[in-house]
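Colleague: Residue numbers (the UniProt record's numbering), protein chains in the order written: chain A, 1 to 395; chain B, 1 to 395.
Glycine included, each C-beta is placed from N, C-alpha and C at the ideal position.
Here it is: the structure, laid out below.
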DNA sequence: GGCCGTTATTTTCCGCTGTCAATAAAAGAA
DNA sequence: TTCTTTTATTGACAGCGGAAAATAACGGCC
């Protein structure tokens, strides 16, 4: 987090408090005892950690709704008060901005998209500022303060410094986006890699909650992958990690923009599928929607395109599983719209190529609405807000 | 560590003490100030942590040999007293046992090999016991106590429980080796996966010292890989991790015993190279030594076998780099004897297939004498001895 | 030789965190 | 009502590690 402004500090001064809070955040309402168990603390420590958070309004006591007749003192549930603070998340792509307003529990309140006419840093920043203003207006309807802004960008992003080192889609180099946006919007700003931000969201609020080792694979324009190992998001020593899209699965495959042949992305990326669909069916295919339609209509050769894509993705996932042995792999992304077309192939290729017990990791899919990327950015902002040592959260 | 006997406890009761000790262990003699810097502690904390370790003889004050004329009080160097404790490491392969006696700094004192006539758990245990006795006799020459025994086995090994879940080479299933060996030898026993043990050795005593993210690739009979992410060895949720040998680099490649085609191991593993050498040169090739000789002699087609192997390994390494972005990749293993034959290809394939900044990770080779595997086992034992929360060390 | 500047180490508090054990609270059951 | 059971809270307490001051161990300079 790179922030000129200091909106309000989160009163979790002790590591224990942060652990308890993230446990409650990830695992819904919890009794103090249970929260202690998850965070590896004694009940007494939880009581003490919870008190200031309750006082500050970040946590709330929830009555046990389905209070079953159980002997002993009934448990008082502790939950995160989502209304206490709001966050903004913005995903920047080459062509548009996607923004959401979420609460502290990362539930989306409002979502907005807007085209991005100019990709230069200045204009992008101006567009972000406008969008932020629009969402801030919504936020003002409730009296909850907006405590942070997260911005997700693909490419080489240094979250700690808040700098976009290199973004091919935007053609940026070394843009100190966090500082710029903080100055412009007056909010604390977190800038992170888009897939990593999505991984944080999944780790705290999604199917990765509570897992120390999992992978998130995004299928869409590109094929991306966020990795959580030992409870922390993998960032890579040089800013590059999770590049499953450029894992070569077939050296005889089609050329990829990265210079190699047969990368997963060169086979299963959106443009690769469209291109191949064009070649195979000999029809005019402009987008992925048409490609899907052709495959669903049973046009000869069309299904095979998706099957091949599924195989490539499955192999890529198996590679991740063989190398890291994650507990779970979550497949997500816009490409999931065509999931019925390659689900079988993904599973088959994964099962075949996974070595031994690596095949025991469960592979599941999560629908990814378009705002999800922006929500990931908001999640990164929430993470920064809660603890200034990002990546420590362990569900 | 699974140990009936309790030889002697390591007096590092506080986390700080363990951190300081591992820092000194990995980075040679250190001034207290420097040790504090590396461990993220104040000088005062180092003094306090070091005192009991000095008193117990695990650390020693070393005079600064090249005491240059520097202003101020000269620094007193702290170093690990290797003589303070000895460790045994045994590597079990299908055909033989390799064992070493090391000191606390993991320096090898004595090394031994012996054939393994029978692979059943009982006979193997007996052979281990004999070998251990032989090395214990050597150990008795000095008055340092033997503080632990590490056993490295390939396959699916649960270090925490000390159980060999499955070993294809030995044809074992669920053998509680640590408990058995502890009973037989009377020593605290640590059982670990062979590549992971080697990775620990590299992380603490080798080219990975001080690095939070690196990979160790072993080239030999099989192609293995140990990964360190966030300063900890990756074990995999189901015990499988680092299976670079079964990453598919060419779906049209030769069949692998794992059931797939074109795994790295099916191209660059020892038997794969020998088999292919036989097919290509049409000669009688029985072992890797002959294969190397043929390639060095310039027999037509022979070099290409190694080039192809190098390409497969390089691709595999690039895959690791693309997914994890390690700071460094260390190539090691018996196969390194033929390094001149495929070094170029490894580097070329790596550079080509590594995506963006992932190529910035440095790839280096380390000769691996045959005892190194056993030394890895000893390193695991040392790690268990120093801290019962293995994998916490961060160089 | 005595003094000074400099740097390393040690000592002396001191705050803070989380645990322990005891206690209070809030039911249902007898 | 009283007992039992389970959860939450309280208060005493131990220990860790930090900050700052004190001390130590030099080389250099007068």
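By the three-class DSSP mapping on this structure, what secondary structure does residue 142 of chain A have?
Modeller: Correct three-state label for residue 142 of chain A: coil.
Colleague: Skipping 5 residues on each side, what residues in its chain have a beta carbon closer than 8 angstroms to that of residue 205 of chain A?
Modeller: If we look at residue 205 of chain A and ignore the five residues flanking it on each side, its Cβ neighbours are 25, 26, 105, 106 and 379.
Colleague: Is the CB of residue 244 of chain B under 8 angstroms away from at least one CB in chain A?
Modeller: Yes, residue 244 of chain B counts as interfacial toward chain A.
Colleague: Taking C-beta pairs closer than 7 angstroms, name the residues in chain B that residue 254 of chain A reaches, listed in chain order.
Modeller: Near residue 254 of chain A there are no residues of chain B at all, since even the closest Cβ is about 14 angstroms away, more than 7 angstroms.
Colleague: Can you tell me where the alpha helix (DSSP H) with residue 214 of chain B in it begins and where it stops?
Modeller: Taken as a continuous stretch (DSSP letters only), residue 214 of chain B belongs to no alpha helix (DSSP H), being part of the beta strand (DSSP E) at 214-219.
Colleague: What's the call for residue 126 of chain B, buried or exposed, on a 16-neighbour Cβ count within 10 Å?
Modeller: With fewer than 16 other Cβ atoms within 10 Å, it is exposed.
Colleague: Mind listing the chain A neighbours of residue 355 of chain B? Cutoff is C-beta to C-beta under 7 angstroms, in chain order.
Modeller: By Cβ distance, chain A contributes 240, 243, 246 and 258.
Colleague: Within the same chain, show all residues whose beta-carbon is closer than 7 angstroms to that of residue 339 of chain B, passing over the 5 residues directly before and after it, in chain order.
Modeller: The answer, listed in chain order, is 365.
Colleague: Count the other C-beta atoms from every protein chain shown that fall within 10 angstroms of the C-beta of residue 33 of chain B, then say buried if there are 16 or more, exposed otherwise.
Modeller: Residue 33 of chain B should be labelled exposed.
Colleague: Please confirm whether residue 156 of chain A has its beta-carbon closer than 8 angstroms to some beta-carbon of chain B.
Modeller: It does: the Cβ of residue 156 of chain A has a partner Cβ on chain B nearer than 8 angstroms.
Colleague: Quick one: what does DSSP say residue 297 of chain A is sitting in, helix, strand or coil?
Modeller: If DSSP states are grouped into helix, strand and coil, residue 297 of chain A belongs with coil.
Colleague: DSSP state of residue 230 of chain B, grouped into three classes?
Modeller: Coil.
Colleague: Tell me which residues share the same chain as residue 35 of chain A and place their Cβ nearer than 7 angstroms to its Cβ, disregarding the 5 neighbours each side in the sequence.
Modeller: If we look at residue 35 of chain A and ignore the five residues flanking it on each side, its Cβ neighbours are 20, 23, 24, 46 and 78.
Colleague: Indicate whether at least one CB of chain A lies closer than 8 angstroms to the CB of residue 15 of chain B.
Modeller: No, its Cβ sits nowhere closer than 8 angstroms to a Cβ of chain A.
Colleague: Using DSSP with H/G/I as helix, E/B as strand and the rest coil, what is residue 193 of chain A?
Modeller: Strand at residue 193 of chain A.
Colleague: Nearest by alpha-carbon distance to residue 53 of chain B: which of B:240, B:13 and B:116 is it?
Modeller: If we check each option's Cα against that of residue 53 of chain B, B:13 comes out closest.
Colleague: Please return the same chain residues whose Cβ sits closer than 7 angstroms to the Cβ of residue 115 of chain B, not counting the five positions on each side in sequence.
Modeller: The residues are 95 and 96.
Colleague: Could you check whether the Cβ of residue 230 of chain A sits closer than 8 angstroms to any Cβ belonging to chain B?
Modeller: Interface residue, yes.
Colleague: What does DSSP give as the partner residues of residue 365 of chain A in its beta bridges?
Modeller: Partner(s): A:331.
Colleague: Using a C-beta to C-beta distance shorter than 9 angstroms, which residues of chain B count as neighbours of residue 234 of chain A?
Modeller: Chain B residues near residue 234 of chain A: 213, 229, 230, 323, 324 and 325.
Colleague: If I'm right that residue 199 of chain A touches residue 216 of chain A with Cβ under 8 angstroms, what's the distance once you round it to whole angstroms?
Modeller: That belief holds up - the Cβ atoms of residue 199 of chain A and residue 216 of chain A are roughly 5 angstroms apart, short of 8 angstroms.
Colleague: Find the nearest neighbour of residue 140 of chain B within the set B:103, B:157 and B:154, judged by alpha-carbon distance.
Modeller: Among B:103, B:157 and B:154, the Cα nearest to that of residue 140 of chain B belongs to B:103.
Colleague: Is residue 358 of chain A close to chain B, meaning its C-beta is less than 8 angstroms from at least one C-beta of that chain?
Modeller: Output row for residue 358 of chain A: interface = yes.
Colleague: Determine the chain A residues that contact residue 276 of chain B at a beta-carbon separation under 9 angstroms, and present them in chain order.
Modeller: None at all; the shortest Cβ gap to chain A is about 17 angstroms.
Colleague: For the beta strand (DSSP E) containing residue 101 of chain A, name the first residue and the last one.
Modeller: It spans 96-103 - the beta strand (DSSP E) in which residue 101 of chain A sits, taken as one unbroken run.
Colleague: Please list the terminal residues of the continuous beta strand (DSSP E) segment that includes residue 280 of chain A.
Modeller: First-last for residue 280 of chain A: 270-281, but that is the alpha helix (DSSP H), not the beta strand (DSSP E).
Colleague: Quick check: what's the CA-CA separation for residue 1 of chain A versus residue 147 of chain A?
Modeller: In this prediction, residue 1 of chain A scores a pLDDT of 43, lower than 50, which makes its location untrustworthy; the coordinate-derived value is nonetheless stated afterwards. Computed Cα separation, rounded: 12 angstroms.
Colleague: Using a C-beta cutoff of 8 angstroms, does residue 145 of chain B count as contacting chain A?
Modeller: Closer than 8 angstroms: no.
Colleague: Using 10 angstroms around the beta-carbon of residue 213 of chain B, count the other beta-carbons present and answer buried if the total reaches 16, otherwise exposed.
Modeller: Label assigned to residue 213 of chain B: buried.
Colleague: Give me the Cα-Cα distance between residue 72 of chain A and residue 63 of chain A, rounded to the nearest whole angstrom.
Modeller: Spanning the two alpha carbons is a distance of roughly 16 angstroms.
Colleague: Taking only three categories from DSSP, how would you classify residue 386 of chain A?
Modeller: Correct three-state label for residue 386 of chain A: helix.
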